[in-house]
Amino acid sequence: MADAARHNATATILFVVAHPNCEEFEIDFGWDDWESTMTPAANDSTCEEDAHNFMRLEQKRWQDLIEIPMKDAYKKLPEKMAQAYHWVLNNIPNTKWVGKADDDAYVRVKNLERYLHKHNPEIPMVIGEIVHESIVQQDGKWAEPDYQYEFYPDWPRGSSGYVLSRPAVQCIVENSELLHRYQGEDTNVGIWLDEAQQNGHLKDIAYVGSSFGYEGFSLCKNSSFLIIGHNLSP
């Protein structure tokens, strides 16, 4: 991201969202290798502290992390993405596309870039595995108590990854203070853009169903898929 801003190139920004718990941290980041690099004092720290230390080293080496001033939690993911969209528009103004993928997904970056060149980034657009007429959940992990309708508007499945054009991102950013943070990060995208249309802040929005999937390894051999989630690891 920093490289795109420095060279003022036409940017496609992909956010990889991660919030590992201790077990996931040990698996994804190689706990044994990590412990061998720690000082004795650090070995007395908690798993959460070690995860933060690892991320600080990651940032020092690659400068590819964005720190957001909020306490991380699953239910805070909609706010995290809203702030990420703010960051993109403020720091990389030439951005044309903003994508989101989870840290257990695989992205065919070059294929995705070629695919995006076929679409017009100047119109409000959502690209991904688009879910239509899904019932609003009343219980369980994805229960949504605040959205008072039976069905969600169209939304991009988050576990499959998705891409928004700049005008779609800009609409969310410009109306951010007015938009309620509902439960789901991905259903929020659909709700926010639908509400923007109803309120006259957005004339139209194109939803493009594409080769994004969440069935994991079963899709890896299919070269047509651009983002494959989830439960994948290096």
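Going by my numbering, the sequence shown opens with residue 412, and the numbers climb by one from there.
Don't be surprised by glycine CBs; every beta carbon is placed ideally from N, CA and C.
Nothing here was measured: the structure is a model prediction, and the numbers come from that model.
How is residue i classed by DSSP in three states: helix, strand or coil?
i	result
Ser629	helix
Phe465	helix
Pro578	helix
Gly620	strand
Leu637	coil
Following the continuous alpha helix (DSSP H) through residue i, name the residue where it begins and the one where it ends.
i	result
Ile616	From DSSP, Ile616 is part of no alpha helix (DSSP H); its letter is neither H nor E.
Leu604	596-609
Residues in the same chain with beta-carbon distance under 6 Å from residue i, minus the five sequence neighbours each way, listed in chain order, please.
i	result
Thr598	Tyr563, Trp566
Glu540	Arg568, Ser571, Phe623
Val499	Ile424, Thr506, Val509
Val542	Trp566, Arg568
Ala495	Phe426
Pro451	Here Pro451 scores only 39 on pLDDT, less than 50, and its place in the model should not be relied on; the value that follows carries that caveat. Closer than 6 Å at the Cβ level, and outside the excluded window around Pro451, lies no residue.
Leu523	Leu637
Where do the ends of the beta strand (DSSP E) carrying residue i lie?
i	result
Leu425	422-428
Give me, in chain order, the residues of the same chain whose beta-carbon lies closer than 8 Å to that of residue i; leave out the 5 immediate sequence neighbours on both sides.
i	result
Gly627	Ile639, Gly640, His641, Asn642, Leu643
Looking only at its own chain, which residues have a Cβ that is under 7 Å from the Cβ of residue i, when we skip the five neighbours before and after it?
i	result
Ser622	Ser635, Phe636, Leu637
Ile546	Glu561, Phe562
Leu630	Gly624, Phe636, Ile639
Pro504	none
Ala607	Cys582, Asn586, Leu613
Ala579	Pro535, Met536, Val537, Leu604, Ile616
Leu476	Met466, Glu469, Gln470
Nearer than 6 Å: is that true of the beta carbon of residue i relative to any heavy atom of the ligand ATP?
i	result
Pro567	Summarising the ligand content, the structure contains no ligands, and the ligand ATP is consequently not present.
Those runs of the beta strand (DSSP E) which lie wholly inside the segment 472-555 and span at least 3 residues: 506-513, 536-539
Would you call the segment 556-568 and the segment 586-605 in contact, with 3 or more CB pairs under 8 Å? yes
Counting beta carbon pairs with one atom in the segment 568-579 and one in the segment 501-519, are three or more of them shorter than 8 Å? yes
Taking contact to mean at least 3 C-beta pairs separated by less than 8 Å, is the segment 607-624 in contact with the segment 488-507? No, because fewer than three Cβ pairs between the segment 607-624 and the segment 488-507 fall closer than 8 Å, the two stretches do not touch.
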